[in-house]
Amino acid sequence: MSATAEAPALIGTSGDSLREAFGKALSGLADEFPKLVVLDADIAGGTGVHHFRKSHPARFLQFGIAEQNMMAAAGGLAAVGLLPVVTTFAVFCLRAIEQARLSLAYAKRNAKIVASHPGLDVGPDGGSAQSLEDLAAFRAIPGMTVISPADPVEMALATRAILEFEGPVYMRTGRSPAMRVFGDHHTFEIGKGKIVRDGSDVTIVACGVEVSRALEAAKLLEQDGVSARVVNMATIKPIDSELLARCADETGSVVTAEDHNIHGGLGGAVAESLAATRPCPIEFIGVKDVFGASGEPEELATLYGLTAPHIAKAAKRAIARKG
Amino acid sequence: MSATAEAPALIGTSGDSLREAFGKALSGLADEFPKLVVLDADIAGGTGVHHFRKSHPARFLQFGIAEQNMMAAAGGLAAVGLLPVVTTFAVFCLRAIEQARLSLAYAKRNAKIVASHPGLDVGPDGGSAQSLEDLAAFRAIPGMTVISPADPVEMALATRAILEFEGPVYMRTGRSPAMRVFGDHHTFEIGKGKIVRDGSDVTIVACGVEVSRALEAAKLLEQDGVSARVVNMATIKPIDSELLARCADETGSVVTAEDHNIHGGLGGAVAESLAATRPCPIEFIGVKDVFGASGEPEELATLYGLTAPHIAKAAKRAIARKG
Amino acid sequence: MPAQSQKTLLKRDAPSARELAAEIAEAARFTRKHAIASIYHAGSGHPGGAMSSADIMACLFGAELNFWSDAINDPDRDRFVLSKGHGAPALYAIAAHHGFCDARAALNLRKLGSPFQGHPHVLDLPWVETSTGSLGQGFSVALGMAMGLKLQKNPARVYTLLGDGELQEGEVWEAAMCAAHHKLDNLCVVIDYNKLQSDDRNDAIMRLEPLAAKWRAFDWAVAEINGHDIDEILSAFRRAGASHGRPSVIIAHTIKGKGVPYMENIPHWHGSVKLTHAQAEEALTALGAGRNEIKELLDVGDR
Amino acid sequence: MPAQSQKTLLKRDAPSARELAAEIAEAARFTRKHAIASIYHAGSGHPGGAMSSADIMACLFGAELNFWSDAINDPDRDRFVLSKGHGAPALYAIAAHHGFCDARAALNLRKLGSPFQGHPHVLDLPWVETSTGSLGQGFSVALGMAMGLKLQKNPARVYTLLGDGELQEGEVWEAAMCAAHHKLDNLCVVIDYNKLQSDDRNDAIMRLEPLAAKWRAFDWAVAEINGHDIDEILSAFRRAGASHGRPSVIIAHTIKGKGVPYMENIPHWHGSVKLTHAQAEEALTALGAGRNEIKELLDVGDR
Ligand SMILES: Cc1ncc(C[n+]2csc(CCOP(=O)(O)OP(=O)(O)O)c2C)c(N)n1
Ligand SMILES: Cc1ncc(C[n+]2csc(CCOP(=O)(O)OP(=O)(O)O)c2C)c(N)n1
Ligand SMILES: [Mg+2]
Ligand SMILES: [Mg+2]
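Residue numbers (our numbering), protein chains in the order written: chain A, 4 to 326; chain B, 4 to 326; chain C, -14 to 288; chain D, -14 to 288.
See below:
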């Protein structure tokens, strides 16, 4: 038998990516949510829902490479009492955003959109595939809840939470192997941020893959005698304004960190919230309004300024700006 | 001859709407910009480019009701040396945003997107047609310039400016009759905000139809002894951070006002900018994360909180929050 | 208004064919008159496409959909989606005719506080099945309903009305391909083929012909009919209902503005237009309204 | 690599038909081998669709496009858009074969700092005509180019290669309708009809047949050919070039993974896959590479 008779190694079906955690969680929840149906546009292997296809083939709905039709059809499935979960890459969710707006959000459908391949985390596919806009764009849709969990444990919890939640949700997963941030007793509640490390000089508010980098940054800062608080802000919308105001009060400065354009996403949500409650200096970690490129996620994070040292430096700048 | 033999009165071809000003300006500039071509998706009568169709039929390109193809095709037209201006309603620009992202912005094409029918200004067509998301969504695209002029005079100037500017631009016009704000000697520069009324207690930063309402608010505030500065922030991206920081320094509090969701648009841009330079209390005037409804624009502005009295109240709240 | 008030499979309970056709013709006239009146009161709206679709809508609501107005929450009801959402005035009028809403209330088209928005909105009116207004989407939503009903072994059928200009949206062909692939024979598309769209004739804007060949190549069961002939419409629905393993499309040749001579086949009357009192009066007269009825229709409201 | 170095209308300067076919076959082999090697080095990428399109790409670059690599800025050059952007490895390889870029540099596929991104990017490589990677868009961009060239009375032609799965995108049918309406006979679409897409056969994911009937109904000049037969490909291009008043589509029946037996017709090899050294070696051997060539192709770079 030739070496090549084995199945090829599909990239990124690595057991520890957020998309895998999502796909497995979804399969596991299927019996508990009998109305759940999963919609795919020919990238189940990429989004993690190949697990669901295997476990529940009759409730796996194939739309082909046609994201607009899939997104609006989810509205029809919800209208007849099913619980549709639309899955594709983040950048192709953007392709169907007007459908998400009218046929899901405007109609207040109980439908979920789950987007894999967000941000630089996409890696070698390159700039065309790296969505840096989705958090901003979906956040602007009235009534749309926007979530970006941080690790596989939280992803599993969030998957349950969005199925229990009534209303349209946009949730990011991730392509690359994700660091484990939380223990087995982690809990997740939509709309609630969580202090995952305490500190008094500055608060780092992060989501998605940036949470583990923020924790790393906090360690770096500690070595320099800076006490940094880290908040996992897994729900970007509605943002936890109460927690943010408290953190601003208690630490006096903030850094936001996200794998997204610095405009309009988590940073925008935090800036809006604090400007309305407790204005304070904020430094923004994110991609600085340029497109990404091919490369490994860690290389890209370094090049575009998303790593722990970048966050730590930003924290010092934020602290220096305190009134 | 029966009364009905006359042509019907097309709604909103009122001479003083922003879309009309845009359509006429475009026609007027055609000879100066010989590479200019105008793309339409069967709503020339709605976007104002029926003027261009009439004056320059050979350079008016009809794409039918197919916004995605139109948007990406603009990339091809630009690639072969033409200067394409894509026109449709704001909500249908959203339908083609992934095309704008990849085939225009990522490819750095010199192409312009001009969107009519933004926000509540759309009026009786109702919530489905009232785009409250476009400023946020297009602002998140790397390298995309985002503009929303305030009155017909400025619209004419901005139309010239975007044709002279090299790179992708998203510009909002407007459906309803617009108040004249500026005199004949008004000037317009992309990326520059402008103080259109001076004041010292608070700065109202507005764009589009909200500029005239902001000026009205400043008058109301004056009667109450409050001195409000009004900034016309016609360029939402890149935002004029320098001017904003100066206004925050000099007036200590800010109100933003836009015909858009309060999340991610002008308010978001201002909040991000000031958080990075000169944090101060901001109050946000915009649609509060709900969809609009049918009604006349002024009625809707009242219902959803976009009028001068709403702005004036917000200004007082902002002032009260000054440290 | 039909006499029955409990949910009824109309196809079984129908009166004689001739009586039914007369009822439907009357409903279509009502639809046209009320649509015109509501657009007049609104001061804006799209009359042309409301007129062209009135007979189809009257057949749907009068004979084809399997329920009356008291069964709007019955899970077994057929679904109707007005994918060409700007045709709302016709939907509101036929719904009013069948008692889904108050006919005078429905004249408050496009007014603040009224549920009769410019485009139908599912949260405003309980018998509107989904929100439309952005062309192409209603078809996809209808497809999702058809798919979901089949999955749940619900025998209800799903109908959706599309404009011809709407067929230029790529989403329509995504949905067409998908419905055929999934053999959604519980889905029936009707095309209001009035040959005009916003600005001009389809042929001038973006040619659709050969239209039946397109749908056949997308593997649909295709019927071509006169969309103003009630017998033809009803029999096309019957044949669609018998289609096995394939979704059905009914290409209904219509006249935009049908019934209002000065509007017929004139692109300008697509909308959104403001009707003068004289124009509304002339239209209603042409539609057979007497002086009292005209007064009643045009003198309510503020204008 | 061709001898000419100034811009040349290949169609006129072609060597004998037999020589040309031999040159193209050699270019196709080069393309397949380099695509495999680059995907091996990248550790990810889509081999199946690169293999299926190699012969078409070789015909395009070797005979059909009217320019050599020194004329990439000539406004009169023909344009080629790889609408199925994930086929980039084949594009980079054939471009390297014809001297548009360095062949060894092109092995740096998907690497940080390399211009050979996972999907072709116009700002990274001067001979890439537009950025692709989101299916459907390249076709529309090509349409815009064809329209713009015609407007400017430029006789250059525009070619674009689409995947079969890509045809499920509605944007493709928007563009198809639009190109026919505007009579863009300077536009030629080639479909890499390898019957497979990401996850499975088209038939299982979303049926495309009857495919030729669809394009005919959208009013295109249609040719169906064997996409691995160089004479058939060249003659289809010739007929497309003679089409008057209509855009042309060439439905090229191909085999996904063609040339690498263990990949042929196996959906898994669509991508994005990681090739082991043994797999790459076996593929290159099947493609006719000798031991030295294999060593040369696989031992550059870090892996
Ligand atoms: C996606 C989208 N693009 C544009 C419009 C604006 N629009 C409203 S109606 C219309 C013309 C529709 O023509 P057709 O489908 O033929 O409708 P009918 O003739 O039946 O009125 C257009 C372009 C829209 N509603 N949705
Ligand atoms: C709009 C869009 N949706 C999804 C994808 C993800 N994707 C990349 S390749 C592919 C399959 C393409 O199949 P096909 O067009 O047949 O290409 P080929 O067989 O020639 O490789 C998919 C779904 C994409 N690139 N763009
Ligand atoms: Mg029509
Ligand atoms: Mg294929």
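Idealized CB from N, CA, C, for every residue including glycine.
Straight-line gap, residue i to residue j (C-alpha atoms, nearest Å)
{"i": "arginine 320 (chain A)", "j": "alanine 274 (chain B)", "result": "18 angstroms"}
{"i": "lysine 325 (chain B)", "j": "cysteine 283 (chain B)", "result": "7 angstroms"}
{"i": "alanine 248 (chain A)", "j": "asparagine 235 (chain A)", "result": "15 angstroms"}
{"i": "methionine 141 (chain C)", "j": "valine 113 (chain C)", "result": "Here residue 141 (chain C) turns out to be alanine, not methionine, going by the sequence shown. Looking at the two C-alpha atoms, the distance is approximately 16 angstroms."}
{"i": "alanine 304 (chain A)", "j": "glycine 130 (chain A)", "result": "13 angstroms"}
{"i": "alanine 197 (chain D)", "j": "leucine 50 (chain D)", "result": "25 angstroms"}
{"i": "alanine 318 (chain A)", "j": "isoleucine 239 (chain A)", "result": "21 angstroms"}
{"i": "methionine 191 (chain C)", "j": "glycine 150 (chain C)", "result": "8 angstroms"}
{"i": "leucine 105 (chain A)", "j": "threonine 117 (chain C)", "result": "7 angstroms"}
{"i": "tryptophan 53 (chain C)", "j": "cysteine 44 (chain C)", "result": "13 angstroms"}
{"i": "glycine 70 (chain C)", "j": "proline 105 (chain C)", "result": "6 angstroms"}
{"i": "histidine 167 (chain D)", "j": "proline 60 (chain C)", "result": "46 angstroms"}
{"i": "glutamate 11 (chain C)", "j": "aspartate 109 (chain C)", "result": "27 angstroms"}
{"i": "alanine 311 (chain A)", "j": "threonine 91 (chain A)", "result": "29 angstroms"}
Contact check, residue i vs residue j, beta carbons under 8 angstroms
{"i": "glycine 271 (chain A)", "j": "glycine 267 (chain B)", "result": "yes"}
{"i": "valine 205 (chain A)", "j": "serine 256 (chain A)", "result": "yes"}
{"i": "alanine 28 (chain A)", "j": "threonine 162 (chain A)", "result": "yes"}
{"i": "leucine 269 (chain D)", "j": "leucine 260 (chain D)", "result": "no"}
{"i": "proline 145 (chain A)", "j": "asparagine 72 (chain B)", "result": "no"}
{"i": "glutamate 157 (chain B)", "j": "alanine 209 (chain B)", "result": "no"}
{"i": "alanine 153 (chain B)", "j": "valine 117 (chain B)", "result": "no"}
{"i": "alanine 20 (chain D)", "j": "alanine 75 (chain D)", "result": "yes"}
{"i": "proline 252 (chain C)", "j": "aspartate 184 (chain C)", "result": "yes"}
{"i": "glycine 226 (chain D)", "j": "aspartate 40 (chain D)", "result": "no"}
{"i": "alanine 81 (chain C)", "j": "alanine 88 (chain C)", "result": "yes"}
{"i": "glycine 298 (chain B)", "j": "proline 127 (chain B)", "result": "yes"}
Secondary structure of residue i, DSSP reduced to three states
{"i": "leucine 108 (chain D)", "result": "coil"}
{"i": "histidine 24 (chain D)", "result": "The amino acid occupying residue 24 (chain D) in the given sequence is isoleucine; histidine does not appear at that position. In the structure shown, isoleucine 24 (chain D) sits in a helix (DSSP, three-state: H, G or I)."}
{"i": "proline 87 (chain B)", "result": "strand"}
{"i": "methionine 182 (chain A)", "result": "coil"}
{"i": "phenylalanine 296 (chain D)", "result": "No information on residue 296 (chain D) is available, as it lies outside the stretch -14 to 288 that chain D covers here."}
{"i": "aspartate 201 (chain B)", "result": "coil"}
{"i": "threonine 238 (chain B)", "result": "strand"}
{"i": "glycine 122 (chain B)", "result": "coil"}
{"i": "arginine 232 (chain A)", "result": "strand"}
{"i": "alanine 12 (chain B)", "result": "In this prediction, alanine 12 (chain B) has a pLDDT of 48, which is less than 50 and means its spatial position is unreliable; what the coordinates show is noted afterwards. Three-state DSSP puts alanine 12 (chain B) in a strand."}
{"i": "valine 113 (chain D)", "result": "coil"}
{"i": "alanine 209 (chain A)", "result": "strand"}
{"i": "threonine 148 (chain A)", "result": "strand"}
{"i": "leucine 309 (chain B)", "result": "coil"}
Extent of the continuous beta strand (DSSP E) run through residue i
{"i": "alanine 287 (chain B)", "result": "In the sequence as displayed, the identity of residue 287 (chain B) is phenylalanine instead of alanine. It spans 285 to 290 - the beta strand (DSSP E) in which phenylalanine 287 (chain B) sits, taken as one unbroken run."}
{"i": "methionine 132 (chain D)", "result": "Element bounds for methionine 132 (chain D): not the beta strand (DSSP E) but the alpha helix (DSSP H), 122 to 136."}
{"i": "glutamate 261 (chain A)", "result": "257 to 264"}
{"i": "serine 233 (chain C)", "result": "233 to 238"}
Residue span of the alpha helix (DSSP H) that contains residue i, given as start and end
{"i": "tyrosine 77 (chain D)", "result": "73 to 82"}
{"i": "tyrosine 247 (chain C)", "result": "Taken as a continuous stretch (DSSP letters only), tyrosine 247 (chain C) belongs to no alpha helix (DSSP H), as it is neither H nor E."}
{"i": "glutamate 291 (chain D)", "result": "The requested residue 291 (chain D) is not part of the displayed model; chain D covers only -14 to 288."}
{"i": "arginine 216 (chain B)", "result": "213 to 226"}
{"i": "methionine 174 (chain A)", "result": "First-last for methionine 174 (chain A): 172 to 175, but that is the beta strand (DSSP E), not the alpha helix (DSSP H)."}
{"i": "arginine 98 (chain B)", "result": "93 to 98"}
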